[in-house]
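Engineer: Below is one structure. I have some questions about it.
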Amino acid sequence: MKELIGQQLDNYRIESLLGEGGMGAVFKARDMNLNRVVAVKVMDNRLAKQPQFQQRFQQEAQAAARLKHPSIVQIYHFDNYRGVLYMAMTYVAGQTLGKFLRKMYEEQQVILLKETLGLTAQVADALGYAHRKGVVHRDVKPDNILMEPLDMPDREGEAPIRAVVTDFGLAKLVEGGIQTQTGTFLGTMPYMSPEQCRGMNIDGRSDIYSLGVLLYQMATGRLPFENIRTPAEAAEKHIRMAPPRPQDIRPGLPGQVEEIILRSIAKKPKDRFQTGEEMAAALRRAAGAISDEEQTAIAVSTSIVSLVTQIMPEEEGVTPPSIGPSLVVPTEADYLIIQRQGEANQTHSLEKATTVIGRAQDCDLILDAPGISRHHARLERSTTGWQIIDLGSSNGTFVKNRKLLPNIPEPWDPGQVARMGPYLLRWQAAKKTAVRQPARHVSMPAAPSGATQLLTNNGQLGVIMNPTNVEVVPGKIAEIQVNLFNQGAMVDHFGLRVEGLPPEWVTIPPKSVQLMPQANVSLPFTIHPPKNSSAKAGRHPYQLIISSQSEQRDITTMEGSVTVAPFVQFSMDVQPTQLTNAGKCRVSIVNDGNTPTAFDISAKDNADGIQFGGKRTGLTIQPGTREEVLLDVQPKERPLTGVKQTLPFEIKVGTPSGTHQIRPGTLDVKPRIPTWLMALIPILAVLCCVGSVLVGQTWLGYNNETAQTATAQVTMTALAQTTLDAAHDTDMDGLSNAEEELAGTDPNNPDSDNDGLNDGEETNIHFTNPMNPDSDNDGLNDGKEIQIGTFVNVADSDGDGQLDGIDAQPLATSTPTPDTGATQAAQEAANANATATALAAAAANDATSTALAQAQQTVAAEQTAAAQQTAIAQQTAAAQQTKAAATQTVQIAGTQTAVANQTATSVAILATAQAKLVAHYPLETDGKDITNKENDMTLHNAPFADDSVYCNGNYSGSNRCVISTPNLNNFNHNSFSISMQFNADEVSRMPVFVAGSSTRWIGFELENDGSVSLLYNNSNQESCSVVYEANKWHTALITYDGSEAKLYLDNILGCTVPFTISHNNDWDISVINYSNGTVFKGSVRDLRIYNEPIPIRPLFIPIPFQSIPIIVTPVIVTPVFSP
């Protein structure tokens, strides 16, 4: 039919042949009446001569002419002109999908999956529209689909390409016995539906099948049934055979897409999409769920191409921008030549180093047309010319028929055409400047000094890493640039990862980057080691590993190193900081730096009154580790008498670099003879005077009464010695000589049993036996048990069935034996009670025997004196006075016996209480329960200071101080004792011992005048007879037996309140947990909770002697450590 070219067919002048098929040929023509380009399809002469074909041609042409849809070719006119059947229709300036797919098949390429789904959805829309109008296509295949490039896409998110379906209804023209050319068959065999193969009546679902075959082909690169040569083969495969699963051909194809394909080509029409619109909606949903990585993953052995970069106006119809006679050409700078179809070419001078192109008014070059974004692209001057950067435009920027990646510079050579929407641009060098050579970005530039450059084995990827080795200061950042050059012929995704360094040191692009062929990109990653001891100083090697998604493996590895600079940083702590007479300070040093550091530990006092031992020089500590040093602190001299002296001192830790830290402390130095002993001297003087008077009376009035006077002197001397011994403490162990004589301890040795504890500390604080170094016979002496925190009166502190002396972990129960522990504790208490009772009985017998002997001796003396001096009344009076003195001696002995009995009983009671101890929190350096019966305490805004917990008095909102136990599983609301020690900085209000933070079921309160009150049942308050002082340690104890509560302050009963607890079922004890603004400011320590009341019996025993009272030092029983 080529003979029609140049001729006029009716009103259409034939210009060129576009294509030929089994039913005729298509020509490009011009409508002479409307002066527009059209496409004219001329039917084959053999068909045109058949009357039946002519009738069907008119019917189908009329039906097709009624279809008006963007994706259906519009039929303008049809006629039989002088025996030639033809129809004129819209001319689409694009190539057919069939031509494009054949080219891709030859080059082993596939279309971007999103574009495949979008294009198929447009065809499905067109088919659905035609089916609603009663028109079935019957021959859906790639050659009947044209691809029209657009300035901007029809739908957001789709490519600027429109699929246009042609030849609607023409396949029906060959039905009913009408013959086509030899070798043709009704429909196109690879795309025919099963019902077409059977010759059945068909509907729109047949077109859905054919479109599904086309989708299969575009997504996988092959047809579901290949090598179909005859209608019989077509029928066999379409009707009976199952095609290979798409994912078996293209691994990585999303399952949602495979499901759409298989549903479309189902054998039975009822199993397919029922309408084109339904299929289009499913395709667009699948496209919206596909990432760029998934698009790349389906092409492992082939390259991916974009329709947008391939479907360009035919080269023969496009003239590159050029200089015309009317253009004004700049002479001093490079310039752009801008072309748009139907408009005159323009120029734009490139005087600036950068030029922004877009629709917005602030752009350097404004191109106001559809398809141009507000800020579309940017031109940047480079050393070899210009580079162009797409700024994330909606419709893209194209160079060499390839769409640029957003925000990645692309070299732009002189003479190359760039396409933006309807515009074509080309840059030209200034006339006075030599034209620069085109940039060859296919080869890598030379690597700068300090960088590493390599090319992968297959030559696909070039890499430059700059710099390879870096130095960084901890807490700072070092940046490394990685330049990737895709020198292959296919698009790929490349990912980076770093190995050999801690992950928290490295920040690297988390996603892989897509690189088109012959493109490059610069990717930075940073190394930022933290400023702590984990970032060790020195060289750290690492590997940069680059992976290819198309090859699904690591393709290269580059090695580098990071040198971390050293830094010095440390923390220190000193405990205790307050010493009395002498002691040891534990200096803890933590090396928080990243390099081994030598530390010097020194101490000094400005008064030069302290002698320090244990100072160290050059103590090397590794990064992140802790070392301790013990410093001996003692006075150079300790005075015999006088007042207490407080000597301040400083402990200093320094490094060779000059960094240092200082912690202050104090040493209290007390005289060897205490002040209270000096106060007894006047009393002794009075006693001596009284003795002198008595002796003088005897010598003046009764020279012959020597025996009586001697007896009186013996009695007075004994009483004076008893009084002196009661007040004197020779060895300064906290027990007077009289108490030591009563207890059987050595008054000249402060530690009679050599267990590391003074006799007074054992008797009055720990309630241990000062004559037995191991009071509970568990294999550990009493001093050792106090040091490690085990119970001195309980042989098995943790109740695990093992004595503390043989238990490797005496405070951690290895095998819970609650029944054995309870039985043993009860047995221990019973043994202690029995022992104490025996001691008390022995002490009472000894005291009574001594007193009776003294009384008998005195009475004998009295009888002798009476016989000799019966006539003298004064002699009788002297005898009576002597008898009174003897009687008083007996009373003293009885009092001492009572003291012994009460002390022993209290010790036994305390041993029982220790077995009932629910929890014990020393609160010295942590909030742990040293009995290991309960969990740790909650300490909020309560730091440790000087072996105690400190609250600063700020209790607003979340900043309030909280010192609270966990839920105490063994706590009994109806029978308990709670004790603690406190030291208030200021006279202030302090509610303590509360359950929760609101309901105060029992506690005490310190008022601002120094008085103390007992609180109970939320708001009830009872004033007590005790007072407290600020800046002084006090011991508080509350006991409750189910009906009565008692408050003791410093072992003195302050008040008693009968009441029944009304609690809120809280099982925790909050020492401090209150929201009012006027609450406690000070220190707290040594919290103990018992499951029974602990009796307190202070022994203040006045002993009268004539008119002068003599006070025996009391033995005070307390369940808590004295401060």
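Going by the working numbering, the first residue of the sequence shown is number 15, and it counts up by one from there.
The C-beta atom is built at its ideal place from N, Cα and C for all residues, glycine as well.
1) From Q474 to I559, what does the alpha carbon distance come to, in whole angstroms?
2) Please list, in chain order, all residues of the same chain as G20 whose beta carbon is under 6 Å from its beta carbon, the five residues on each side excluded.
3) In three-state terms, what does DSSP make of P649?
4) Taking C-beta to C-beta, are Q360 and I371 nearer than 9 Å?
5) Report yes if the CB atom of M232 is closer than 9 Å to the CB atom of I125, and no otherwise.
6) Just to confirm the assignment, what range does the alpha helix (DSSP H) spanning T609 have?
7) Do the CB positions of L749 and P787 come within less than 9 Å of each other?
8) Whole angstroms is fine: what's the gap from D614's alpha carbon to G668's?
9) Give a yes or no on whether the C-beta atoms belonging to I1103 and H954 are separated by under 9 Å.
10) Compare the C-alpha of I1075 against each of V1085, S1084, S602, N1034 and name the closest.
11) By the three-class DSSP mapping on this structure, what secondary structure does M785 have?
12) Select from T571, E394, N483, V512 the residue whose C-alpha is nearest the C-alpha of N471.
13) Quick one: residues in its chain with C-beta nearer than 6 Å to the C-beta of V230, no 5 flanking neighbours on either side, listed in chain order?
14) Rounded to whole angstroms, what is the Cα-Cα separation between G597 and P936?
15) Output the distance between the C-alpha atoms of N778 and G638, rounded to the nearest integer angstrom.
16) Within the chosen definition, does the region 533-550 reach the region 496-510 through at least 3 CB pairs nearer than 8 Å?
17) Looking at the secondary structure, which residues open and close the alpha helix (DSSP H) in which V578 lies?
18) In whole angstroms, give me the CA-to-CA distance for D760 and I687.
19) Go through its chain and collect everything with a Cβ distance to D950's Cβ below 8 Å, but skip five positions before and after it.
20) Quick one: what's Y90 bridged to in DSSP?
21) Just verifying my parser: in three-state terms, what is the DSSP assignment at Q801?
22) Quick check on DSSP: helix, strand or coil for L1028?
23) Three or more C-beta pairs closer than 8 Å, one from the region 169-178 and one from the region 251-268: is that the case here?
24) At the level of alpha carbons, what is the spacing between P481 and H554?
25) Whole-angstrom Cβ separation of R677 and V588, contact assumed at under 8 Å?
26) Between C1038 and D1100, what straight-line distance do the alpha-carbon atoms span, to the nearest angstrom?
27) Nearest by alpha-carbon distance to Q995: which of A956, G679, V963, D821 is it?
28) Just the C-alpha distance for S547 and E129, rounded to the nearest angstrom, thanks.
29) Suppose the cutoff is 7 Å on Cβ atoms and the five residues either side in sequence are ignored; what does the same chain contact list for G429 look like?
30) Taking the alpha-carbon positions, what's the P283 to L131 distance?
31) How long is the line joining the alpha carbons of I1146 and R354, rounded to whole angstroms?
32) Would you give the residue range spanned by the alpha helix (DSSP H) that L133 belongs to?
33) Using only CA atoms, which one of A465, M101, L1067 lies nearest to G38?
34) So, is E948 buried or exposed, given that buried needs 16 or more other C-beta atoms within 10 angstroms?
35) Short check: CB of D93 to CB of D24, under 9 Å?
36) Does the separation of the CB atoms of I222 and R146 fall below 9 Å?
Structural biologist: Short version:
1) Within the sequence shown, the letter at position 460 stands for residue 474. Within the sequence shown, the letter at position 545 stands for residue 559. Between Q474 and I559, the C-alpha separation is close to 16 Å.
2) Counting from one through the sequence shown, the residue named residue 20 turns up at place 6. None.
3) Here residue 649 corresponds to residue number 635 of the sequence shown, with the count starting at 1. For P649, the three-state secondary structure derived from DSSP is strand.
4) Position 346 of the sequence shown, counted from the start, is the residue given in the question as residue 360. Position 357 of the sequence shown, counted from the start, is the residue given in the question as residue 371. Not a contact, by the Cβ cut-off of 9 Å.
5) Numbered from its first residue, the sequence shown carries residue 232 at position 218. Numbered from its first residue, the sequence shown carries residue 125 at position 111. The answer is yes: Cβ separation under 9 Å.
6) For the purposes of this step, residue 609 is taken as residue 595 along the sequence shown, with counting starting at 1. T609 -> no alpha helix (DSSP H), and no H or E assigned at all.
7) Counted from its first residue, the sequence shown places residue 749 at position 735. Counted from its first residue, the sequence shown places residue 787 at position 773. Not a contact, by the Cβ cut-off of 9 Å.
8) In the sequence shown, counting from the first residue as 1, residue 614 sits at position 600. In the sequence shown, counting from the first residue as 1, residue 668 sits at position 654. So the alpha carbons of these two residues sit roughly 5 Å apart.
9) On the sequence shown, residue 1103 is found 1089 positions in, with the first residue counted as 1. On the sequence shown, residue 954 is found 940 positions in, with the first residue counted as 1. No. Outside cutoff.
10) Position 1061 of the sequence shown, counting from 1, holds the residue named residue 1075. The shortest C-alpha separation from I1075 is found at N1034.
11) Taking the first residue of the sequence shown as 1, we reach residue 785 at position 771. Of the three classes helix, strand and coil, the one that applies to M785 here is coil, per DSSP.
12) Here residue 471 corresponds to residue number 457 of the sequence shown, with the count starting at 1. The residue with the shortest Cα to Cα distance from N471 is T571.
13) Mapped onto the sequence shown, residue 230 falls at position 216. The amino acid occupying residue 230 in the given sequence is Tyr; Val does not appear at that position. So the qualifying residues of the chain are P238, I275.
14) The residue you call residue 597 lines up with position 583 of the sequence shown. The residue you call residue 936 lines up with position 922 of the sequence shown. Roughly 20 Å between the two C-alpha positions.
15) Taking the first residue of the sequence shown as 1, we reach residue 778 at position 764. Taking the first residue of the sequence shown as 1, we reach residue 638 at position 624. Roughly 44 Å between the two C-alpha positions.
16) yes
17) As a position in the sequence shown, residue 578 is number 564, starting the count at 1. Note, V578: premise wrong, no alpha helix (DSSP H); beta strand (DSSP E) at 567-578.
18) Residue mapping note: residue 760 aligns to position 746 of the sequence shown, counting from 1. Residue mapping note: residue 687 aligns to position 673 of the sequence shown, counting from 1. Going by the C-alpha atoms only, they are around 18 Å apart.
19) The count along the sequence shown starts at 1 and reaches residue 950 at position 936. Excluding positions up to five away in sequence, the list reads D940, G941, K942, D943, P980.
20) The residue given as residue 90 occupies position 76 in the sequence shown. Answer by DSSP bridge pairing: none, since Y90 is not bridged.
21) Looking up residue 801 in the sequence shown gives position 787. It is helical.
22) The residue given as residue 1028 occupies position 1014 in the sequence shown. In this structure, L1028 counts as strand in the three-state DSSP scheme.
23) Result no; under three Cβ-Cβ pairs closer than 8 Å.
24) Against the sequence shown, residue 481 aligns to sequence position 467. Against the sequence shown, residue 554 aligns to sequence position 540. Roughly 15 Å between the two C-alpha positions.
25) On the sequence shown, position 663 is the one that residue 677 refers to. On the sequence shown, position 574 is the one that residue 588 refers to. That belief holds up - the Cβ atoms of R677 and V588 are roughly 4 Å apart, short of 8 Å.
26) For this step, residue 1038 is matched to residue 1024 along the sequence shown. For this step, residue 1100 is matched to residue 1086 along the sequence shown. Their backbone Cα atoms lie some 23 Å apart in a straight line.
27) Locating residue 995 in the sequence shown gives position 981, counting from the first residue. Measuring from the Cα of Q995, the nearest candidate turns out to be V963.
28) Working through the sequence shown from its first residue, we reach residue 547 at position 533. Working through the sequence shown from its first residue, we reach residue 129 at position 115. Going from the Cα of S547 to the Cα of E129 covers about 53 Å.
29) Locating residue 429 in the sequence shown gives position 415, where the first residue counts as 1. So the qualifying residues of the chain are R440.
30) The residue you call residue 283 lines up with position 269 of the sequence shown. The residue you call residue 131 lines up with position 117 of the sequence shown. Near 22 Å, if we compare the C-alpha coordinates of L131 and P283.
31) The chain is shown from 15 up to 1137; residue 1146 falls before or after that span and cannot be answered.
32) Reading the sequence shown from its first residue, position 119 is the one you call residue 133. Element bounds for L133: 127-146.
33) One-based indexing of the sequence shown puts residue 38 at position 24. Of the listed residues, the one whose Cα sits closest to G38 is M101.
34) In the sequence shown, residue 948 corresponds to position 934, counting from 1. The residue in question, E948, is buried, as its Cβ has 16 or more Cβ neighbours within 10 Å.
35) Taking the first residue of the sequence shown as position 1, residue 93 is located at position 79. Taking the first residue of the sequence shown as position 1, residue 24 is located at position 10. Contact: yes.
36) The residue labelled residue 222 in the question sits at position 208 within the sequence shown. The residue labelled residue 146 in the question sits at position 132 within the sequence shown. Not closer than 9 Å, so no.
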